[in-house]
Amino acid sequence: MVQTRKQMNSIAMYSPGKPVEELKRELGLDKVIKMASNENPYGFSPLAEKAMMKEMKNVHYYPEITSPVLTEKLSKHLNTSAHNFIIGNGSDEIIRMITRTYLNPGEEAVMASVTFPRYKTNVLIEGGTPVEVPMRDGTHDAEAISEAVTPNTKIIFMCNPNNPTGTILGKNELLQLIQSIPPDVLVVLDEAYYEYVHTDDYLQSLDYLEDFPNLMILRTFSKVYGLASARVGYGIAHPSIIQELLKGKEPFNVNRLAHAGALAALDDKEFMDLTLEKNESGRLYLESQFTRLGLTYFPTHTNFIMVDLATEAEAIYQHLLVKGIIVRPGHMMGYPTMLRVTIGKPEENEQFITALEQVLHEQVTT
Ligand SMILES: Cc1ncc(COP(=O)(O)O)c(C=O)c1O
705 MVQTRKQMNS IAMYSPGKPV EELKRELGLD KVIKMASNEN PYGFSPLAEK AMMKEMKNVH
765 YYPEITSPVL TEKLSKHLNT SAHNFIIGNG SDEIIRMITR TYLNPGEEAV MASVTFPRYK
825 TNVLIEGGTP VEVPMRDGTH DAEAISEAVT PNTKIIFMCN PNNPTGTILG KNELLQLIQS
885 IPPDVLVVLD EAYYEYVHTD DYLQSLDYLE DFPNLMILRT FSKVYGLASA RVGYGIAHPS
945 IIQELLKGKE PFNVNRLAHA GALAALDDKE FMDLTLEKNE SGRLYLESQF TRLGLTYFPT
1005 HTNFIMVDLA TEAEAIYQHL LVKGIIVRPG HMMGYPTMLR VTIGKPEENE QFITALEQVL
1065 HEQVTT
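The working numbering puts the first residue of the sequence shown at 705, with every later residue one more than the last.
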């Protein structure tokens, strides 16, 4: 047998939210609701669809390798120099580029426990050491993170808002944390859910790029823009970081359809506003229903909510599957009594609550 690199022994394949097709096949169901992967239930911009269809005729040509048109448009959109951007095959790819480029075997990367799992996996692939800092009430513990930094630390990953808890770190706390980090440590702020944040107590990190040349911000077209399958995410950082990441980038990492879709999506404010408005009312609905059911949840700034069922959540997850509703059980994320639920369309939220109430009731009465 061909031996793998020893780092592969410490990782497993990514476990995504259960795909709709899989559940339909397994249980012979016609109708399935997926509230498991924080996708946009309203789809994606019709302008993006039109642009992607139009671009289809060019798929026999490779795309441009550094996504110059999208970079230029993003730079105008965010009022930041085009030299600060790198475009990835989803922000997942940029996380990989970061560890590939910066992490030597044996070096440490600090991150919360629990947070987006791709940080840890990519650190392990490079032979690095993930240093996981427990959360405080589902929120990053800024002080503990700062204390976890050693001379051997190379990267800090901060997911803000955090997946899976949906929480944010307040702006002063985050700024103080960034100030406390030595300049030779890369601070990665993963802002995949940036657009959903609904408080002023949130650090507008882009304003600090010049002050902190060791800061890198990640954002994506997969969530509020609804282009999860197109695979487009981007990183914003000092040009010296961007230049290093570009060296190891796959040449044609972002395909032509994805470029066309992302460019058009940036023009569709109407779709973004609709998504945000509906997400907000869905959040308020779910929160009020959880309260009615006597359940607690982490305060979320995203398109998902982590709710505490105060009982083994895996069993509830399985019962919900049978009813055709896919959510994410918390046991894999270190919260065995919690479910992570993507905020759906009004009718999906209502069906989820009805099913949850039934299942919880059955649990109590059997
Ligand atoms: C916090 C966070 N970062 C990154 C990603 C990856 O997103 P993308 O689709 O851009 O690769 C996700 C996806 O769920 C996420 O939740």
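Beta carbons: idealized from backbone N, C-alpha and C, even for Gly.
Everything numeric in this text was worked out from a predicted model, so none of it was measured.
Fully contained in the segment 1009-1039 are the following alpha helix (DSSP H) runs of length 4 or more, in chain order: 1017-1026. In the structure shown, Y900 adopts helical secondary structure according to DSSP, grouped into three states. Contact between A896 and S795 holds: CB atoms are separated by about 6 angstroms, below the 8 angstroms threshold. Within the same chain, Cβ atoms closer than 7 angstroms to the Cβ of P955 are found at I769, the five residues on either side in sequence being excluded.
Residue state for T833 is assigned as strand, using DSSP reduced to three classes. Within 10 angstroms of the beta-carbon of L907 lie 16 or more other beta-carbons, which makes it buried. If you compare the alpha carbons of S992, E743, T869 and K780 with that of F1002, the shortest gap goes to T869. The Cβ atoms of I715 and G939 do not sit closer than 7 angstroms to each other. Under a 10 Å Cβ-count criterion, G832 is classified as buried, with 16 or more other Cβ atoms of the shown protein chains found around its own Cβ. In this structure, DSSP gives L999 a state outside helix and strand, which the three-state scheme calls coil. Contact residues of ligand 1 (beta-carbon closer than 5 angstroms to any heavy atom; chain order) are G794, S795, D796, F820, C863, N867, D894, A896, T924, S926 and G937.
Runs of the alpha helix (DSSP H) spanning 4 or more residues and lying entirely within the segment 922-960 occur at 943-952, in chain order. In the DSSP assignment, T1069 falls within the unbroken alpha helix (DSSP H) covering P1050 to T1069. R729 carries a helical assignment under DSSP once its states are collapsed to helix, strand and coil. Contact between L881 and I849 holds, since their C-beta atoms are separated by about 6 angstroms, short of 8 angstroms. When secondary structure is reduced to three states using DSSP, M717 falls in the coil class, being assigned neither helix nor strand.
Annotation: the continuous alpha helix (DSSP H) that includes I799 extends over S795 to Y806. Taken atom to atom, the span from the alpha-carbon of A1017 to that of R1044 is near 10 angstroms.
Around the beta carbon of R709, fewer than 16 other beta carbons sit within 10 angstroms, so the residue counts as exposed.
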